[in-house]
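Novice:
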């Protein structure tokens, strides 16, 4: 099962793209970069991504990475 990671290009100021690149090196996943994911309130405040459609956010990119890995590990295989 391929994992789908989605992120907003407007959120890259938080380092989201680096988190996604790091995830891609470890997990079999498809990454989609969008101009907007219509989560502007969150996007403006913290780094976040969607993992198989589920919202994952954190205060820092390092913590986002940890939470995304945790979410991926929880997914059924």
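Numbering (our numbering), first residue to last: 101 to 177.
Glycine is no exception: its CB is placed at the ideal position from the N, C-alpha and C atoms.
(1) Please identify the residue among 166, 141, 161, 128 whose C-alpha is closest to the C-alpha of residue 117.
(2) Please state the DSSP three-state secondary structure of residue 129.
(3) Can you tell me where the alpha helix (DSSP H) holding residue 136 begins and where it ends?
(4) Looking at the secondary structure, which residues open and close the beta strand (DSSP E) in which residue 175 lies?
(5) Quick check: what's the CA-CA separation for residue 150 versus residue 131?
Specialist: Taking the coordinates as given:
(1) 161
(2) strand
(3) It is not in any alpha helix (DSSP H) - residue 136 carries neither H nor E in the DSSP assignment.
(4) That residue, residue 175, is in no beta strand (DSSP E); it is neither H nor E in DSSP.
(5) 10 Å
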